[in-house]
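Numbering (numbering that gives the first Met the number 0), first residue to last: 0 to 567. Data first, discussion second: the structure below is written as structure tokens.
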Amino acid sequence: MSTNHKNNTNENNTNKTQKSEQAKKYSQRANEYREQGKIADAIAEYTKAIELEPENPEYYFERGLRYIEAKELEKGFKDFSSVRKIDPKSEYSKILDDVYQSMQIESVKRLTKEIEQNPSNASLYKERGDSYTDLKKHEEAIADYERALELKISDNDIYFDLGNCYYEKGDFEQAYKNFEKDFELGGYFEIDDDLAMKLERISDYFVQHQKHEKAIKALRYILDYNHIYFLMYDIHETMMQIQFDKDQRLIEKELANKAIKYEREKQEIINESQKKLERMMQQYTHTLSNTLFPNTIYEVANKLKNHIEFQKDARILADAYHAEVIIKRQGQLLQARNSSKKDFQYLIRGDRLDIDTQEKAIDVETILSNAAERVIARFLNEDYHKLDSIRDKIFNRRQITIDQLRNSFEEHVFFNENQSSLEWTNSHFISIHFSMTDTWKNIRVRKDNYSEALLQGYFSELLFNALKYGDHEQDQWVLITFTEQKIKRTNYLISEWQNPTTKNDIGTGNGLDGIKNDLEMLNETELEEKSLATKFENAIFEVRLVFKRDLFVPNPKLDYDLTKLLKK
């Protein structure tokens, strides 16, 4: 690299930093104007910030709010569109999505009342159908659109809306029927990329079901509108052959080749889906093995644990209850994983609670403690022979028996509850050291629900691996740090696990592969830096888990009611 090029690069970086700092100053000044009620001045300052940093969604978001306050709705919505376009996964986009969804829910409620008062108004059904569509409630939307048609609505685009709903449901026959009706009535004059893709997929469906005439007609709609669609392969050539060569065998051969290609692509998708499903099943199996094991005797039913003669038996019942809760939630999580990553994310985000919540909640440290308790109980279970060699090393080094250690665990953690499992292991077993930022400490999720089951499964897997593969000549079990990091404008929660080991080669194993697959779905990425990464260095094995911050931390509360502003 030449010296001039290096100098230019350094100069560009310096200019970029200076612009960013100046943009922040404009933004701070805009906030001051907003607090003083000087909306126009605030808009002007945000505009200056945007000119310096046109790819920063925060400035568009804030300026959009100010436009809404100034009753300039069109400009406000334009800025909100810019927020989504720049970074659809940013915190600001999610806030807008939440608000928009709330508005659609309110719209459904309002329209339902209006329909009760005026049940013959077709436009009301059409409008409510649109809201249901935005909420992805396609069955309800279809019912409203059909009712609007029964009432002789004059809006031809309703057939296009019906077609979209049926398409999202996977009913391609009905989708095409309604799209075709819309085209005949002239309700939709342009075929954009989205509609072209849908017609392409519908055509593939017709080919698969030997409905070649419909398949060709669906493709003709795209070509008749002079639309060039990047996913269409050799369609123009196919249509020219159909136009100039009437040989039915050539037509069928072309369609057959298209069907073969479609089947090959479909099989590739199926194979990849099966691999993902296998990895998810592996994670599920590992979670169960960390939760259910023979002769579990380390939980006691509250009503019986103070009666000495029933303590052993009652403990089994209590542990079975907790295991059943975990199994139930893991089963539901597995179903969500197999359905879609959006469903998976929805279940986890749905457990977020504020720190001052009145609901039954649990924090991350308690989840970690519960996971440690499960692993310790597994270690102290003599019938679990896979850990025999590890037990011998630890007991010989510490000059203690399994009965002595088990009695201590039961006395301090289980029966008297004067120590948490983390406190007990640090004073009587091998140490678990951990530290948390305030954000991690303040996380609250619903107790006995999806997030708890997810995190307890991860923590149990990591603790058990650290125990199984650790260096048992040392007193440290694992060192855990819970931190935060911003990666490309998105906030992430980081959990790093380090344990000493004498093994030079530690594979990730099915358990960690399952966790990695989970994090890729939850964070919508395939990058290690945004999911799970491992490394072995200087006799230390490290696992790094990455979570999007908004999976466990609720979106910040606005100091203004955006829904009310949008309604003005």
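Just so you know, even glycine gets a beta-carbon here, dropped at the ideal spot from N, CA and C.
Worksheet item: Given Ser44, which residues of its chain have a CB within under 8 Å of its CB, disregarding the five upstream and five downstream residues?
Response: Locating residue 44 in the sequence shown gives position 45, where the first residue counts as 1. For clarity, residue 44 is Glu in the given sequence; the question names Ser instead. Answer for Glu44: Tyr25, Ser26, Arg28, Ala29 and Tyr32, listed in chain order.
Discussion item. Could you tell me the alpha carbon to alpha carbon distance between Ser81 and Glu253, rounded to whole angstroms?
Written reply: Along the sequence shown, one-based indexing puts residue 81 at 82. Along the sequence shown, one-based indexing puts residue 253 at 254. Roughly 43 Å separates the two Cα atoms.
Discussion item. Can you look up Ile493 in the DSSP assignment and give me helix, strand or coil?
Written reply: Position 494 of the sequence shown holds residue 493. It is a strand residue.
Discussion item. Which of the three DSSP states is assigned to Phe546 in this structure?
Written reply: Locating residue 546 in the sequence shown gives position 547, counting from the first residue. Note: Phe546 maps to strand in three-state DSSP.
Discussion item. Nearest by alpha-carbon distance to Ile38: which of Ile49, Lys15, Glu20 and Lys70 is it?
Written reply: Position 39 of the sequence shown holds residue 38. The shortest Cα separation from Ile38 among Ile49, Lys15, Glu20 and Lys70 belongs to Lys70.
Fill in: DSSP beta-bridge partners of Asn498
For the purposes of this step, residue 498 is taken as residue 499 along the sequence shown, with counting starting at 1. Paired residues: Phe540.
Worksheet item: So which of Ile94, Gln497, Leu544 and Phe394 has the shortest CA-CA distance to Val477?
Response: Here residue 477 corresponds to residue number 478 of the sequence shown, with the count starting at 1. Residue Gln497 is the option with its Cα nearest to Val477.
Worksheet entry | CA nearest to the CA of Glu145, picked from Tyr166, Asn117 and Asn177 | On the sequence shown, residue 145 is found 146 positions in, with the first residue counted as 1. That would be Asn177, whose Cα lies nearest to the Cα of Glu145.
Item to complete: Check Ile429 in the structure and name its three-state DSSP category.
Response: One-based indexing of the sequence shown puts residue 429 at position 430. Coil, per DSSP.
Item to complete: Output yes or no for whether 7 Å exceeds the beta carbon distance between Lys18 and Leu51.
Response: The sequence position of residue 18 within the sequence shown is 19, counting from 1. The sequence position of residue 51 within the sequence shown is 52, counting from 1. In this structure, Leu51 lies closer than 7 Å to Lys18 by Cβ.
Discussion item. Considering just the uninterrupted stretch of the alpha helix (DSSP H) at Lys485, what are its terminal residues?
Written reply: In the sequence shown, counting from the first residue as 1, residue 485 sits at position 486. Lys485 -> not in any alpha helix (DSSP H); beta strand (DSSP E) instead, spanning Gln475 to Ile486.
Worksheet item: Considering only residues of the same chain and omitting the five flanking positions on each side of His137, which have a CB-CB separation below 7 Å?
Response: On the sequence shown, residue 137 is found 138 positions in, with the first residue counted as 1. Cys164, Glu167 and Lys168.
Worksheet entry | Whole-Å CB distance - Phe458 paired with Leu367, under 8 Å assumed | If you number the sequence shown from 1, residue 458 lands on position 459. If you number the sequence shown from 1, residue 367 lands on position 368. The Cβ separation is near 5 Å, so the contact holds.
Worksheet item: If you count every other CB in all the chains shown that lies within 10 Å of the CB of Ser153, and 16 or more means buried, which is it?
Response: Taking the first residue of the sequence shown as position 1, residue 153 is located at position 154. Under this definition Ser153 is an exposed residue.
Worksheet item: So, Leu352 versus Arg443, is the Cβ gap smaller than 7 Å?
Response: Reading the sequence shown from its first residue, position 353 is the one you call residue 352. Reading the sequence shown from its first residue, position 444 is the one you call residue 443. For Leu352 and Arg443, yes; Cβs fall inside 7 Å.
Discussion item. Buried or exposed, going by whether 16 or more other CB atoms sit within 10 Å of the CB of Ile104?
Written reply: The residue given as residue 104 occupies position 105 in the sequence shown. Per the 10 Å Cβ criterion, exposed.
Worksheet item: Taking the continuous beta strand (DSSP E) assigned at Val444, which residues delimit it?
Response: Within the sequence shown, residue 444 is the residue found at index 445, counting from 1. Where Val444 is concerned, the enclosing beta strand (DSSP E) stretches over Arg443 to Arg445.
Worksheet item: Is the segment 368–379 touching the segment 421–441 in the sense that three or more CB pairs, one from each, lie closer than 8 Å?
Response: yes
Discussion item. Please return the same chain residues whose Cβ sits closer than 6 Å to the Cβ of Ser434, not counting the five positions on each side in sequence.
Written reply: Taking the first residue of the sequence shown as position 1, residue 434 is located at position 435. Only Thr480 meet the Cβ criterion.
Worksheet item: DSSP three-state call for Phe551: helix, strand or coil?
Response: To locate residue 551, count along the sequence shown from 1; it is residue 552. Coil.
Worksheet item: Nearest-angstrom Cα distance between Ile42 and Tyr204?
Response: Start at 1 with the first residue of the sequence shown, and residue 42 comes out as number 43. Start at 1 with the first residue of the sequence shown, and residue 204 comes out as number 205. Roughly 51 Å separates the two Cα atoms.
Item to complete: Could you tell me the distance, in whole angstroms, from the CA atom of Ala532 to the CA atom of Leu526?
Response: The count along the sequence shown starts at 1 and reaches residue 532 at position 533. The count along the sequence shown starts at 1 and reaches residue 526 at position 527. Looking at the two C-alpha atoms, the distance is approximately 9 Å.
Item to complete: Going by DSSP, name the residue or residues bridged to Phe535.
Response: The residue given as residue 535 occupies position 536 in the sequence shown. Paired residue(s): Phe540.
Discussion item. Using CA atoms only, rank isn't needed, just tell me which of Gln344, Gln418 and Asn406 is closest to Glu519.
Written reply: Within the sequence shown, numbered from 1, the residue matching residue 519 stands at position 520. The shortest Cα separation from Glu519 among Gln344, Gln418 and Asn406 belongs to Gln344.
Worksheet item: In or out: His208 buried (at least 16 other Cβ within 10 Å) or exposed?
Response: Residue mapping note: residue 208 aligns to position 209 of the sequence shown, counting from 1. Per the 10 Å Cβ criterion, exposed.
Worksheet item: According to DSSP, is Ala360 helix, strand or coil?
Response: Counted from its first residue, the sequence shown places residue 360 at position 361. If DSSP states are grouped into helix, strand and coil, Ala360 belongs with the strands.
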